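Using my numbering, read the sequence shown as starting at 5 and increasing by one per residue.
Here a beta-carbon is modelled for each residue, glycine too, at the ideal position from N, C-alpha and C.
Since the structure is predicted, the reported quantities are computational estimates derived from the model, not experimental observations.
Below: the structure, in structure tokens.
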Amino acid sequence: MEVTRQLVVLVLSLWYFTYAKNLMLFARRLREAKKNTAEKRRKLLAWISSREKMCKLVLQRQRRRRHMIMLQLLLKNQRRSPVVWAFSRASEWWNVTVPGFTDTQWVQNFRMTQETFTYLCARLRPAMEKKNTNFRACLPLRKRVAIALWKLATNSEYRSIGHLFGVSKSSVCRCVQDLCKAVCAVLLPELIRFPDPEKLKDMADRFETRWGLPQCVGAIGGSHIPIIAPQEHHTDNYLNPKGRHSILLQGVVDGEGQFWSVDAGQPGSLHHAGVLRSSSLWDFVQQGGLDPACTKNIGGVSVGYYLLGDSAYPQMNWILKPFPENGRLTAEQQTFNEKTSSARVVVGRAFGRLKGRWQCLLKRNDCDIELVNSMVLACCALHNLCESRGEDYQQEWETAEEEPVPSTPPDVDEEESEERRGLMRHLNTQ
Numbered sequence: 005m006e007v008t009r010q011l012v013v014l015v016l017s018l019w020y021f022t023y024a025k026n027l028m029l030f031a032r033r034l035r036e037a038k039k040n041t042a043e044k045r046r047k048l049l050a051w052i053s054s055r056e057k058m059c060k061l062v063l064q065r066q067r068r069r070r071h072m073i074m075l076q077l078l079l080k081n082q083r084r085s086p087v088v089w090a091f092s093r094a095s096e097w098w099n100v101t102v103p104g105f106t107d108t109q110w111v112q113n114f115r116m117t118q119e120t121f122t123y124l125c126a127r128l129r130p131a132m133e134k135k136n137t138n139f140r141a142c143l144p145l146r147k148r149v150a151i152a153l154w155k156l157a158t159n160s161e162y163r164s165i166g167h168l169f170g171v172s173k174s175s176v177c178r179c180v181q182d183l184c185k186a187v188c189a190v191l192l193p194e195l196i197r198f199p200d201p202e203k204l205k206d207m208a209d210r211f212e213t214r215w216g217l218p219q220c221v222g223a224i225g226g227s228h229i230p231i232i233a234p235q236e237h238h239t240d241n242y243l244n245p246k247g248r249h250s251i252l253l254q255g256v257v258d259g260e261g262q263f264w265s266v267d268a269g270q271p272g273s274l275h276h277a278g279v280l281r282s283s284s285l286w287d288f289v290q291q292g293g294l295d296p297a298c299t300k301n302i303g304g305v306s307v308g309y310y311l312l313g314d315s316a317y318p319q320m321n322w323i324l325k326p327f328p329e330n331g332r333l334t335a336e337q338q339t340f341n342e343k344t345s346s347a348r349v350v351v352g353r354a355f356g357r358l359k360g361r362w363q364c365l366l367k368r369n370d371c372d373i374e375l376v377n378s379m380v381l382a383c384c385a386l387h388n389l390c391e392s393r394g395e396d397y398q399q400e401w402e403t404a405e406e407e408p409v410p411s412t413p414p415d416v417d418e419e420e421s422e423e424r425r426g427l428m429r430h431l432n433t434q
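Below you can see the structure in the form of structure tokens.
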């Protein structure tokens, strides 16, 4: 029994000794872990503190540098010049040679004197002027207008014009587009417009004084403008009777050879009568624009204002055309044809001077069809500008290109016009 008690005491002593030892080891490890954690925390806080100090130093350095740069700019009191991202090109011809041109040279190269050129620039400035940007300096207005006029006058290639003026091919194209758009917006409504009753009377007096044709207020005609076949349209529609692609220009001129009605853009295959019926002139007349109440007794017939047309146009009470040359004309009819033809020359001469001065209308135009229409109308307005300001027209510009004349539409039975019969009697009694 004693032995058993001793064994129990021994086992309990061993257990207590082992437990106490493990407890001491655990406590020591716990102290070491706490010590290591505190050391790591101290090091982390020290690292964070050092990084904060470094960031503050970097920010302070950046602020000082920024302040120094701003201070230098303020002290210099000047902007940094923008970088122009364009190739430098030679412009000696425009900058050096052109300023020494005489008026004759201005007319030869730009179809107008320097005085008219300056007037044109002043009128178009609100619509064409551009401002410099931070990336490039824009072309001066006078140079842009001169580039466009050169294209209209010569129909030269964009690349050739660019080499001459020291600009890019795309710049030449933009100059032409801008000028045509500006002329159509600013000058066209002013220089080419339908006449009011007072203007109609003045034009009628002019025709009667010069050609003995009372109540005549203009001559109507059509002209083909050569183009390159447009890809986005049916090209056959633009083939004229000579087998070439073109668009039609219809114009009415007064006794001075200046246009007061123009319509452009119809395909070259269309007959002149079809162009007439789809034109603004047709609408003007249908709305009573020719003042039908203002009539005069001519050869026993009450005749209102009328236009002179050729055989391509229908015979109407406001369009008088010659009698057809069928070999059986009477003497009175022959006299009528001769006298009206002598007056109708004014529209042919106007088209000739228009194309001679602005030869982009004479040669095949490689521009887009929409731009060609704008160019045609702009050239008509510029024609009136030059004619009204007495600009010289040089005979060397004259061309002998034959105009394709459309044939009379088939199955057309035209009745004799009382107005034409009355005018014929009047012309044969003079």
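- With a beta-carbon spacing of about 14 angstroms, G278 and H228 fall beyond the 8 angstroms limit used to define contacts.
- Of the candidates P326, C384, R393, the residue whose Cα lies closest to the Cα of S421 is P326.
- In the DSSP assignment, D267 falls within the unbroken beta strand (DSSP E) covering 263 to 271.
- Apart from the 5 residues on each side of it in sequence, L145 sits with its Cβ closer than 7 angstroms to the Cβ of C125, R129, M132, E133 in its chain, given in chain order.
- Secondary structure of Q290 (DSSP, three-state): helix.
- Rounded to the nearest angstrom, the gap between the Cα atoms of E119 and T108 is 12 angstroms.
- When the five nearest sequence neighbours on each side are left out, the beta carbons in the same chain lying within less than 6 angstroms of the beta carbon of F198 are those of F288, G293, in order along the chain.
- If you draw a 10 Å sphere on the C-beta of Y162, you find 16 or more other C-beta atoms in it, and that means buried.
- Of the residues D258, L375, H275, the one whose Cα lies closest to the Cα of N388 is D258.
- Taken in chain order, the unbroken stretches of alpha helix (DSSP H) that lie wholly in the segment 162 to 240 and span 4 residues or more are 162 to 169, 173 to 190, 192 to 195, 201 to 215.
- Comparing alpha-carbon positions, the option among R368, Q337, K359 lying closest to L427 turns out to be Q337.
- The bridge partners DSSP lists for Y310 are C220.
- In this structure, DSSP gives N301 an extended state, which the three-state scheme calls strand.
- Annotation for G255: the continuous beta strand (DSSP E) segment containing it runs 250 to 257.
- About 12 angstroms separates the CB atoms of A347 and A208; that is not less than 8 angstroms, and the two are not in contact.
- DSSP places D370 outside any alpha helix (DSSP H), giving it a letter other than H or E.
- Between G261 and R357, the beta carbon gap of about 7 angstroms places them in contact (Cβ cut-off 8 angstroms).
- Remark: C-beta atoms of I323 and G313 approach each other more closely than 7 angstroms.
- The beta strand (DSSP E) runs of length 3 or more contained entirely in the segment 29 to 77 do not exist; there are none.
- Ranking T41, C142, L253, T122 by CA distance to the CA of V351 puts L253 first.
- Closest in C-alpha terms to N244, from the list W264, P318, F263, H276, comes H276.
- Closest option to G226, judged by alpha-carbon separation, among W215, V187, G269, C184: G269.
- Shown here, L143 sits in coil according to DSSP, grouped into three states, outside any helix or strand.
- Using a 10 angstroms sphere on the CB of V380, the tally of other CB atoms reaches 16 or more, which defines it as buried.
- With contacts defined by Cβ atoms closer than 7 angstroms, S250 and I232 do not form a contacting pair.
- For N341, same chain residues with a beta-carbon under 8 angstroms away, outside a window of 5 residues either side, are P326, F327, E329, L333 in chain order.
- Contact annotation: V221 and Y309 have beta-carbon atoms nearer than 7 angstroms.
- For the pair F21 and V7, the Cα-to-Cα distance works out to about 21 angstroms.
- Looking at the DSSP output, L324 sits in a beta bridge with L312.
- Contact between C364 and L156 is confirmed by a C-beta separation of about 5 angstroms, below the 8 angstroms threshold.
- With a contact defined as Cβ atoms closer than 8 angstroms, Q219 and I302 qualify at about 7 angstroms.
- Each of A354, N159, F114 was checked against the Cα of K147, and the nearest Cα belongs to F114.
- With respect to L153, A385 sits apart: the two C-beta atoms are not nearer than 7 angstroms.
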